[in-house]
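Asker: Let me begin by handing over the structure; questions about it come next.
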Amino acid sequence: MKPQLLVEASKATGSVKFYETAFGAVEISRNMETKRMVEQELNSRLSAPHFMSLPFPMILFSLFR
């Protein structure tokens with residue numbers, strides 16, 4: 362299982378730099394998803410209250426450490 366990071370699109374670059382610096386993470390892919398795609402993905406992982414308040418668009422990163 363690969364760790365993934367979901368962030369607001371406007372904060373993507375800063376978020377990746379933070380995780381690279383703080384934890385030595387390496388970005389291996391970046392996907393910009395529509396609200397519907399993110400909701401479907403998160404619905405399978407989180408209960409509804411956790412993702413209903415997320416801002417969109419979102420970017421899903423796969424990180425490797």
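When the letters of the sequence shown are read in order and numbered with my numbering, they come out as residues 362 to 426.
Backbone N, C-alpha and C define an ideal beta-carbon position, used for all residues, glycine too.
1) Rounded to whole angstroms, how far is the Cβ of valine 377 from the Cβ of glutamate 369, which I believe are closer than 8 Å?
2) Please decide whether glutamate 381 counts as near chain C, where near means a Cβ-Cβ distance under 8 Å.
3) Should alanine 383 go down as buried or exposed, given a rule of 16 or more other Cβ atoms within 10 Å for buried?
Answerer: So, from the data block:
1) Going by Cβ atoms, the distance from valine 377 to glutamate 369 rounds to 13 Å, so no, they are not a contact pair.
2) Absent here is chain C; the protein component of the structure consists of one chain.
3) Alanine 383 is exposed by the Cβ-count criterion.
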